[in-house]
Amino acid sequence: MVVNNAADFGKALKKRRKEMGYTQRYISEFTGFSISFISDLENGKSTAELGKAIYLANMLGLDIAVNARGNR
Numbered sequence: 208m209v210v211n212n213a214a215d216f217g218k219a220l221k222k223r224r225k226e227m228g229y230t231q232r233y234i235s236e237f238t239g240f241s242i243s244f245i246s247d248l249e250n251g252k253s254t255a256e257l258g259k260a261i262y263l264a265n266m267l268g269l270d271i272a273v274n275a276r277g278n279r
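Under the numbering used here, read the sequence shown as residues 208 to 279, first letter to last.
The structure is reproduced here in structure tokens:
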């Protein structure tokens, strides 16, 4: 999936979380991140902290790659 904005990133996280059968509460307890932060991230809030967002994606087994356009 190509992520073009915060909403795309949030959709990818939410989809993966659900595929893994995790609730936002479980993720919150595991990571120490608030449920509201996880919800904001999944709903595309663009002010979410990048470090936490990357950590959460990695925890859910998602790779994040930055490539020049056309080199996917």
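Cβ atoms here follow ideal geometry from the backbone N, Cα and C, with glycine treated the same way.
So, for residue i: in the same chain, excluding its five sequence neighbours on each side, which residues have a beta-carbon less than 6 angstroms away from its beta-carbon?
i, result
"Ala213", "Gly251, Ser253"
"Val210", "Phe216"
Throw me the rounded Cβ distance for the residue i and residue j pair, which I believe falls under 8 angstroms.
i, j, result
"Met208", "Thr238", "Between Thr238 and Met208 the Cβ distance is about 22 angstroms, and since that is not below 8 angstroms, they are no contact."
Which residue comes first and which comes last in the alpha helix (DSSP H) that contains residue i?
i, result
"Thr238", "231-238"
"Glu226", "213-226"
Is it the case that the Cβ atoms of residue i and residue j are separated by a distance below 7 angstroms?
i, j, result
"Leu220", "Glu249", "yes"
Exposed or buried, what is residue i when buried is set at 16 or more other beta-carbons lying within 10 Å of its beta-carbon?
i, result
"Gly228", "exposed"
"Arg224", "buried"
Can you list, in chain order, the residues of its chain whose CB lies under 7 angstroms from that of residue i, leaving out five sequence neighbours each side?
i, result
"Ser235", "Ser241, Ile242, Ile245"
"Gln231", "Ile242, Ile245, Ser246"
"Ile261", "Ile271"
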